[in-house]
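A.B. asks:
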Amino acid sequence: MTEPVSLQSKLGELFQQRQFYWWLGHVCVVCNGLIYFSSVLSLNSNVSYYKRAFLGALLSYAVVIYNSIGVTHTRISMDLLCDENVHYFVIAFYWYSYQPITVTLIPFFIFSIFHTLTYTKSTLLPFLSIPKSELDSKIQYFTDTYHTTAMQYVAYIEVVIILGRLILGIILFRTSVLALIVFVHFLRLRYFLSSYTRDALKYTTLQLDQWFIVPSTETTEKSTLTVISNIYVSIKRLVSRYGGDLPVDKQ
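Quick note on our numbering: the sequence shown kicks off at 1175 and runs consecutively.
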């Protein structure tokens, strides 16, 4: 008859798993993110929680990247540079180093909610010897039902809200141009790797086309509309050339 494994032994085994620290990083994002967003809503934002949340994100992505490289690998392959985890690690480090922009934390906060719940269901509940219960079913239902919708929201937050916030910040001289350049390059990478980002960019582009492009068959007495339309089309062509795969509508 085998002796029951002590709690200390089980904890020691759990602490030796790198995935546990990956989960801790996501818990750090969720907890600090909640406190930070609450402080922002109370008009008394606490930047330290913002920084701690991004440190948690950096820890989680660092664990994933370390697992991808492996302990015995001595060189980094080009495939790793195309890994979305590397991209999010870099952009998380940039936002951590840059002045706080609240909306930049939202995508990481949403990701961490699902990762935290998934690890809790698949690892922590069995580790605590908790049999399948209503909590297990609720976690499964939540992740299965809302995961796709959440990823779509993240894509639109990145394309519309964060990008719009950076552009507005540049106009108001509160954000550096470098921040916009870094994030646009990040979106370019996301466009090629994520169908959610492609859909968000295409839909947003169609909406902007309807607002800013003046059809050549129509005459308008307001020359300002034509000027704005020409500026928009020029910017769109420039972005399309940089992206390499964005559709450009000819006027």
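Just so you know, even glycine gets a beta-carbon here, dropped at the ideal spot from N, CA and C. Fair warning: this is a prediction, and the values are worked out from it, not measured in the lab.
(1) Identify, in the order they occur along the chain, each residue of the same chain with its Cβ nearer than 8 Å to the Cβ of residue 1207, setting aside the five sequence neighbours on each side.
(2) Roughly how many angstroms lie between the CA atoms of residue 1186 and residue 1408, to the nearest whole one?
(3) Could you round the C-beta distance between residue 1277 and residue 1339 to whole angstroms and report it? I think they count as a contact, below 8 Å.
(4) Okay, do the region 1325–1344 and the region 1363–1381 touch, 3+ Cβ pairs below 8 Å being the bar?
(5) Is residue 1301 closer than 8 Å to residue 1410 when the C-beta atoms are compared?
(6) Please state whether DSSP places residue 1348 in a helix, a strand or coil.
(7) Quick one: give me the first and last residue of the alpha helix (DSSP H) that residue 1257 is part of.
(8) Less than 8 Å between C-beta atoms, sequence neighbours within five positions excluded: which residues of the same chain meet that for residue 1424?
(9) Quick one: give me the first and last residue of the alpha helix (DSSP H) that residue 1326 is part of.
(10) With H, G and I counted as helix, E and B as strand and the rest as coil, what does DSSP make of residue 1272?
(11) So residue 1192 and residue 1237 are supposed to be a Cβ contact under 8 Å. How far apart are they, rounded?
(12) So what's residue 1218 in DSSP terms, helix, strand or just coil?
(13) Could you round the C-beta distance between residue 1262 and residue 1235 to whole angstroms and report it? I think they count as a contact, below 8 Å.
(14) Pull up the distance between the alpha-carbon of residue 1344 and that of residue 1298, whole angstroms please.
(15) Residue 1295: buried (16+ other C-beta within 10 angstroms of its C-beta) or exposed?
(16) Report the rounded CA-to-CA distance for residue 1214 versus residue 1204, giving the unit in angstroms.
(17) Beta-carbon within less than 8 Å of residue 1373's beta-carbon, same chain only, minus the 5 sequence neighbours each way: which residues are those?
(18) At which residue ranges does the region 1360–1392 contain complete alpha helix (DSSP H) runs of 4 or more residues, listed in the order of the chain?
(19) When the Cα of residue 1371 is compared with those of 1346, 1270, 1258, 1386, which residue comes out closest?
C.D. replies: For this structure:
(1) Within the sequence shown, residue 1207 is the residue found at index 33, counting from 1. Excluding sequence neighbours, residue 1207 sits near 1223, 1227, 1279, 1282, 1283, 1286.
(2) Position 12 of the sequence shown holds residue 1186. Position 234 of the sequence shown holds residue 1408. Residue 1186 and residue 1408 have their C-alpha atoms roughly 60 Å apart.
(3) Within the sequence shown, the letter at position 103 stands for residue 1277. Within the sequence shown, the letter at position 165 stands for residue 1339. Contact holds; Cβ gap of about 5 Å.
(4) yes
(5) To locate residue 1410, count along the sequence shown from 1; it is residue 236. To locate residue 1301, count along the sequence shown from 1; it is residue 127. No. Outside cutoff.
(6) Within the sequence shown, numbered from 1, the residue matching residue 1348 stands at position 174. Note: residue 1348 maps to coil in three-state DSSP.
(7) By one-based count along the sequence shown, residue 1257 stands at place 83. Residue 1257 -> no alpha helix (DSSP H), and no H or E assigned at all.
(8) Here the question's residue 1424 lines up with position 250 in the sequence shown. With a pLDDT of 40 at residue 1424, under the threshold of 50, the modelled position of this residue cannot be trusted, and the question is left open.
(9) Here residue 1326 refers to the residue found at position 152 of the sequence shown. 1308–1330 is the extent of the alpha helix (DSSP H) around residue 1326.
(10) In the sequence shown, counting from the first residue as 1, residue 1272 sits at position 98. In this structure, residue 1272 counts as coil in the three-state DSSP scheme.
(11) Here the question's residue 1192 lines up with position 18 in the sequence shown. Here the question's residue 1237 lines up with position 63 in the sequence shown. That belief holds up - the Cβ atoms of residue 1192 and residue 1237 are roughly 5 Å apart, short of 8 Å.
(12) Position 44 of the sequence shown, counting from 1, holds the residue named residue 1218. Three-state result, residue 1218: coil.
(13) By one-based count along the sequence shown, residue 1262 stands at place 88. By one-based count along the sequence shown, residue 1235 stands at place 61. Indeed, because the Cβ distance is near 6 Å, the residues count as touching under 8 Å.
(14) As a first step, residue 1344 must be located in the sequence shown, where it is residue number 170. As a first step, residue 1298 must be located in the sequence shown, where it is residue number 124. Approximately 45 Å between the Cα atoms of the pair.
(15) Taking the first residue of the sequence shown as position 1, residue 1295 is located at position 121. Buried is the call here.
(16) For this step, residue 1214 is matched to residue 40 along the sequence shown. For this step, residue 1204 is matched to residue 30 along the sequence shown. For residue 1214 and residue 1204, the distance between alpha carbons rounds to 15 Å.
(17) Position 199 of the sequence shown, counted from the first residue, corresponds to residue 1373. Hits under 8 Å: 1326, 1329.
(18) 1369–1386
(19) The residue you call residue 1371 lines up with position 197 of the sequence shown. Considering only alpha carbons, the answer is 1258.
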